[in-house]
Amino acid sequence: MVVLEAPTESKMAPPHHFDWDINDTNIPKVSEFDPFVEWTDGHCRFVYPVEQEEAKRHSSGWAMRNTNNHNVNILKKSCLGVLMCSLRCTLDGGAKVHLRPAICDKARKKQQGRPCPNKSCSGRLEVMQCRGHCGYPVTHFWRHTEHAIFFQAKGVHDHPRPEAKSTAEARRSLTGRGLTSTLPGQTSHRSLHPRPLHHHHNPRISGNKRPFLLLSLPRPLGRVF
DNA sequence: AATTGCGGGGATT
DNA sequence: AATCCCCGCAATT
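Residue numbers (full-length UniProt numbering): 1 to 225.
Here it is as structure tokens:
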């Protein structure tokens, strides 16, 4: 990484391939922005407009939690992995169970040990941790300037994607009604689910986002000067 | 009740 | 000093 750190001559670099790192003291201005990428993976960087709502929220398809890096200018988040069935069962539709870990520690602890949502499975939910960045969770970095929101990711996720945030929220509002507590060692099967809740994977999302079309961007290009 | 960001503080290298 | 983690707090949704 690096470049353009020349203490004296920081202004001038070749107009082309202007490189930047989230930690640079001088971050370049950009004239073009990237479309928001929900499922970033690998070492990548994007620049979003300050009006971009997802970017403003520092959101991601991956379940990311804030981690303190003691730097007020750069927000750091690390991946929480994915909630899986301990028996790795397969749902009727052929899909696997990979739910979204709650960001809140307390809520996530409650998720673990709950019965697998597959009613014909006796497994329990457990967190598969992310170790995609040198044995540590994948990290995301966010940095705001007057003109743009800079994003940088480090590491390659070594686990399946969790369900999308919108899907997790939808289920939460369905399932979280009334009595909540179901303890791991308990017999209270709260399979009150009116309908099978597999199809997490594309019922509604097609309307407002196209998850796959934008993923084929080979890399960020043509946006910097 | 869960999300998000902040920040103190501990452990390690 | 840097990096990583855990925890509690507060504002927000």
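In this text, a Cβ means the ideal position worked out from N, Cα and C, and glycines have one as well.
For residue 35, count the other beta carbons within 10 Å of its own beta carbon; 16 or more makes it buried, fewer makes it exposed. Which is it? Under the 10 Å beta carbon count, residue 35 is surrounded by fewer than 16 other beta carbons and is classified as exposed.
By how many angstroms is the C-alpha of residue 71 removed from the C-alpha of residue 31? Roughly 27 Å between the two C-alpha positions.
Where DSSP assigns a beta bridge to residue 141, which residues make up the other side? DSSP output for residue 141 lists 76 and 152 as bridge partner(s).
Considering only C-alpha positions, which residue in the set 116, 133 and 131 is nearest to residue 125? Just measuring C-alpha positions, the residue of 116, 133 and 131 sitting nearest residue 125 is 116.
What did DSSP end up calling residue 51 once you bin it into helix, strand or coil? In the structure shown, residue 51 sits in coil (DSSP, three-state: anything other than H, G, I, E or B).
For a quick check, are the C-beta atoms of residue 85 and residue 123 less than 7 Å apart? Closer than 7 Å, so yes.
To which residues does DSSP link residue 85 through a beta bridge? In the DSSP output, where bridge partners are listed per residue, residue 85 has 125.
Which residues mark the beginning and the end of the beta strand (DSSP E) in which residue 65 is found? Where residue 65 is concerned, the enclosing beta strand (DSSP E) stretches over 64-67.
Report the option in 62, 119, 133 and 131 whose CA atom is closest to the CA atom of residue 102. Of the residues 62, 119, 133 and 131, the one whose Cα lies closest to the Cα of residue 102 is 62.
Straight-line CA distance for residue 156 to residue 42? Each residue's alpha carbon lies about 4 Å from the other.
So, is residue 25 buried or exposed, given that buried needs 16 or more other C-beta atoms within 10 angstroms? Residue 25 should be labelled exposed.
On the three-state DSSP scale, how would you describe residue 174? Here residue 174 sits in helix by DSSP.
Please go through the same chain and pick out, in chain order, the residues whose beta-carbon is closer than 6 Å to the beta-carbon of residue 20, but skip the five residues on each side of it. The answer, listed in chain order, is 27 and 28.
Could you pull out every residue in the same chain whose Cβ sits closer than 6 Å to the Cβ of residue 138, ignoring the five residues on either side in sequence? Same-chain partners within the cutoff: 79, 130, 132, 155 and 157.
Considering only DSSP beta bridges, list what residue 96 is partnered with. Beta bridge pairing from DSSP links residue 96 with 90.
Close-in-space but distant-in-sequence residues of the same chain around residue 100 (CB under 8 Å, 5 per side omitted): Cβ contact annotation for residue 100 (same chain, cutoff 8 Å, sequence separation greater than five): 63, 82, 83, 162, 163, 164, 165, 167 and 168, in chain order.
For residue 35, which beta-bridge partners are listed by DSSP? In the DSSP output, where bridge partners are listed per residue, residue 35 has none listed.
Quick one, are the C-beta atoms of residue 76 and residue 69 less than 7 Å apart? Closer than 7 Å, so yes.
Grab the span of the alpha helix (DSSP H) containing residue 161 for me, first residue to last. Per DSSP, residue 161 is not a residue of any alpha helix (DSSP H), being assigned neither H nor E.
Quick check on the burial criterion: 16 or more other C-beta atoms within 10 angstroms. Buried or exposed for residue 118? Buried, since its Cβ has 16 or more Cβ neighbours within 10 Å.
So what's residue 57 in DSSP terms, helix, strand or just coil? Residue 57: coil per DSSP, three-state reduction.
Counted within 10 angstroms of its Cβ, other Cβ atoms place residue 88 as buried (16 or more) or exposed: By the 10 Å Cβ count, residue 88 comes out exposed.
Between 121, 48, 65 and 146, which lies nearest to residue 107 when the distance is taken from Cα to Cα? Among 121, 48, 65 and 146, the Cα nearest to that of residue 107 belongs to 65.
Let me check one thing: in DSSP terms, what residues is residue 130 bridge-paired to? DSSP lists no partner for residue 130.
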